[in-house]
Amino acid sequence: AERSGCDVSVAVGGIAGPDGGTPGKPVGTVWISVRFRDEQYSEKLTFNRGRSKNKEYAASAALNRVRLLLLDAK
Numbered sequence: 267a268e269r270s271g272c273d274v275s276v277a278v279g280g281i282a283g284p285d286g287g288t289p290g291k292p293v294g295t296v297w298i299s300v301r302f303r304d305e306q307y308s309e310k311l312t313f314n315r316g317r318s319k320n321k322e323y324a325a326s327a328a329l330n331r332v333r334l335l336l337l338d339a340k
């Protein structure tokens with residue numbers, strides 16, 4: 267966000283599946299990170315809904331966090 271000059275940046279990463287999980291990081295483990303101006307928010311989430319739904323839920327969670335940060339900034 268700092269380099270690009272944007273107000274909001276979003277990152278999502280994790281293990282969507284169907285393979286790649288470990289006992290410590292099972293399939294469906296995702297991290298979302300959102301930065302809005304000087305506020306940083308990161309959260310670890312776990313979804314167990316299959317690859318397609320895991321990706322959908324992770325993206326929705328990240329966009330919802332952006333929405334909440336923007337509402338809070340009003």
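Reading the sequence shown from the start, the letters are residues 267 to 340 in my numbering.
All C-beta atoms, glycine included, are put in the ideal place defined by N, C-alpha and C.
Looking at C-alpha atoms only, which residue of the options is the closest neighbour of residue i?
i    : options                : result
G286 : V332, G316, A339, L335 : G316
G279 : K340, V300, R333       : V300
A277 : L334, G294, G290, A327 : A327
S308 : P289, L329, E322, N320 : L329
Does DSSP put residue i in a helix, in a strand, or in coil?
i    : result
A282 : coil
V332 : helix
K310 : strand
S270 : coil
S315 : The sequence shown places Arg at residue 315, rather than the Ser named in the question. Coil.
Could you tell me the distance, in whole angstroms, from the CA atom of residue i to the CA atom of residue j?
i    : j    : result
L337 : N314 : 29 Å
D304 : G283 : 33 Å
G271 : F302 : 11 Å
T288 : I298 : 19 Å
For the putative contact between residue i and residue j, defined by C-beta atoms under 8 Å, what is the C-beta separation to the nearest angstrom?
i    : j    : result
G290 : N320 : Going by Cβ atoms, the distance from G290 to N320 rounds to 17 Å, so no, they are not a contact pair.
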